[in-house]
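Peer 1:
In the numbering used here, the protein residues as written are 392 to 563.
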């Protein structure tokens, strides 16, 4: 909630103080035990374009991939580059960007997303190519990846990309 409710500088200061307190108390288990919470805060900060807070949170988490999809969705090249710099992958789990839930095809179907899917939604050919160059298509058979990309291509009417996917993964 810090990322959503507070102004960027104040949110960054409070978060930094929390990490410093944990370190001063020699606890340092907070970042390890709270990765999911940090990931949610990272996605929120990314969605809101809070670059300082994103950079701080990236130093304390290994879970960066959902934030990459969020950055691409936001269209912030600065955040995209920052996430790549910190090791975010185009091959992370497909996620619902609204809830953060991992992709599951159930009666309560969520709309899956991946960095490639968001690049397609943005209709950014250069970013699509960048995701492909970083191996996005090598993950297309991972749970939810094909679905995320095909749904994104259908949403924007990208018949070329839909055909490309069906040629690459004919069993789907």
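We treat Cβ as the ideally placed atom computed from N, Cα and C, and that holds for glycine.
Just how far apart, CA to CA, sit residue 555 and residue 540?
Peer 2: Numbered from 1 along the chain shown, position 164 holds the residue referred to as residue 555. Numbered from 1 along the chain shown, position 149 holds the residue referred to as residue 540. Cα-Cα distance, rounded: 11 Å.
Peer 1: Does residue 561 pass the burial test, meaning 16 or more other C-beta atoms within 10 Å, or should it be called exposed?
Peer 2: Within the chain shown, numbered from 1, the residue matching residue 561 stands at position 170. Result: exposed.
Peer 1: What did DSSP end up calling residue 450 once you bin it into helix, strand or coil?
Peer 2: Sequence index remark: in the chain shown, residue 450 carries index 59 (1-based). Coil at residue 450, not helix or strand.
Peer 1: Out of 441, 443, 449, point me to the one whose CA is closest to residue 428's CA.
Peer 2: Residue mapping note: residue 428 aligns to position 37 of the chain shown, counting from 1. For residue 428, the nearest C-alpha among the options comes from 449.
Peer 1: Can you round the beta-carbon distance between residue 504 and residue 488 to whole angstroms, since I take them to be within the 8 Å contact cut?
Peer 2: Stepping through the chain shown from its first residue, residue 504 is reached at position 113. Stepping through the chain shown from its first residue, residue 488 is reached at position 97. Contact flag correct, Cβ pair sits at about 5 Å.
Peer 1: With distances taken between CB atoms, is the gap from residue 511 to residue 552 smaller than 8 Å?
Peer 2: Here residue 511 is taken as the residue at index 120 of the chain shown, counted from 1. Here residue 552 is taken as the residue at index 161 of the chain shown, counted from 1. It is a contact, given that the beta carbons lie within the stated cut-off.
Peer 1: By the 10 Å Cβ neighbour count, where 16 or more other Cβ atoms means buried, how is residue 496 classified, buried or exposed?
Peer 2: Here residue 496 is taken as the residue at index 105 of the chain shown, counted from 1. Interpretation of residue 496 is limited by its pLDDT of 47, a score under 50 that renders its predicted location unreliable; the figure taken from the coordinates is listed afterwards. So residue 496 ends up on the exposed side.
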